[in-house]
Amino acid sequence: MNETTVADQLNWAARLLARETETMLGPIGLNPAYVPVLLALSAGGAHTPKGLADAASVEQPTMTATIQRMERDGLVTRKRNPDDGRSALIGLTPAGYDRIADMDRALGALNELLLEQFTTAERGQFLELLGRVISVLEVQTGRAG
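Residue 1172 is where the sequence shown starts when you use my numbering, and the numbers rise one by one after that.
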């Protein structure tokens, strides 16, 4: 059977999207893994690494490595958690806050690139159908909630 499946198409789209995201964020000094952290912290306040890992749907060791790279790049700070001495609180630096607008512009341009071939009605249909696919996969993987 040489038929292309929905899974094949989604997998290929995800790979291409990951590459294009790197291309759009690279010139502004951001790694795609930084996006969920910047989004979670952009509203202000600090978060624990566990909270950030949950928000990004990644394992805690992966988030710890991401936070270390973001610290190295001057985007986040780590402070002792006054409520729990065993954990830290992660917050944005002024440079991290400055990068949010750049990130928003890059991701907005990417979004427009992805949707420019669709009419307004098709955009709505596409997003609704994609949302339904995501819902099925979240239920199957136990990530719904």
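Virtual Cβ for every residue (Gly too), placed ideally from N, Cα, C.
Handout entry: Near the ligand NAD: Asp1275 beta-carbon under 6 Å from a heavy atom
Key = The ligand NAD is absent from the structure shown, which contains no ligand whatsoever.
Practice task
Report yes if the C-beta distance between Gly1217 and Gly1245 is below 7 Å; otherwise report no.
Solution key: If you number the sequence shown from 1, residue 1217 lands on position 46. If you number the sequence shown from 1, residue 1245 lands on position 74. The amino acid at residue 1217 is misidentified as Gly; the sequence shows Ala. Result no, Cβ atoms of Ala1217 and Gly1245 do not sit closer than 7 Å.
Handout entry: Own chain residues within Cβ distance below 6 Å of Glu1309, not counting five before or after
Key = The count along the sequence shown starts at 1 and reaches residue 1309 at position 138. Excluding residues within five positions, the ones whose Cβ falls inside 6 Å are Ala1315.
Exercise for the section: Given a cut-off of 7 Å, decide if Leu1223 and Met1274 are closer than it, judged by their beta-carbon atoms. Expected result: Residue 1274 sits at position 103 when you count from the first residue of the sequence shown. Residue 1223 sits at position 52 when you count from the first residue of the sequence shown. Not in contact: Met1274 and Leu1223 (Cβ atoms no closer than 7 Å).
Practice task
Determine the extent of the alpha helix (DSSP H) in which Gly1262 is found, giving its start and end residues.
Solution key: In the sequence shown, residue 1262 corresponds to position 91, counting from 1. Counting along the chain, Gly1262 falls outside any alpha helix (DSSP H), though it belongs to the beta strand (DSSP E) covering Ala1259 to Leu1263.
Problem - Residue nearest to Thr1219 in terms of C-alpha spacing, selected from Gly1262, Arg1276 and Phe1289 - result: Here residue 1219 refers to the residue found at position 48 of the sequence shown. Cα-wise, what sits closest to Thr1219 is Gly1262.
Practice task
Could you check what DSSP says for Arg1276 in three-state terms: helix, strand or coil?
Solution key: Taking the first residue of the sequence shown as position 1, residue 1276 is located at position 105. Arg1276 falls in the helix class under three-state DSSP.
Problem - Cβ-Cβ distance between Arg1249 and Ala1259 below 7 Å - result: Position 78 of the sequence shown, counted from the start, is the residue given in the question as residue 1249. Position 88 of the sequence shown, counted from the start, is the residue given in the question as residue 1259. Contact: yes.
Exercise for the section: Report the partner residues of Thr1248 according to the DSSP bridge assignment. Expected result: Mapped onto the sequence shown, residue 1248 falls at position 77. Per DSSP, Gly1262.
Practice task
Using alpha carbons as the reference points, say which of Ala1292, Asp1269 and Leu1285 lies closest to Ile1199.
Solution key: Position 28 of the sequence shown, counted from the first residue, corresponds to residue 1199. Nearest option by C-alpha distance: Asp1269.
Practice task
Over the uninterrupted alpha helix (DSSP H) stretch that includes Arg1240, give me the two end residues.
Solution key: By one-based count along the sequence shown, residue 1240 stands at place 69. Element bounds for Arg1240: Gln1231 to Arg1243.
Handout entry: Burial state of Leu1196 (16 or more Cβ within 10 Å)
Key = If you number the sequence shown from 1, residue 1196 lands on position 25. Buried, since its Cβ has 16 or more Cβ neighbours within 10 Å.
Exercise for the section: For Ala1226, collect the residues of the same chain with a Cβ closer than 7 Å to its Cβ; drop the 5 residues on either side in sequence, then sort them by chain order. Expected result: Along the sequence shown, one-based indexing puts residue 1226 at 55. Closer than 7 Å at the Cβ level, and outside the excluded window around Ala1226, lie Pro1207 and Ala1211.
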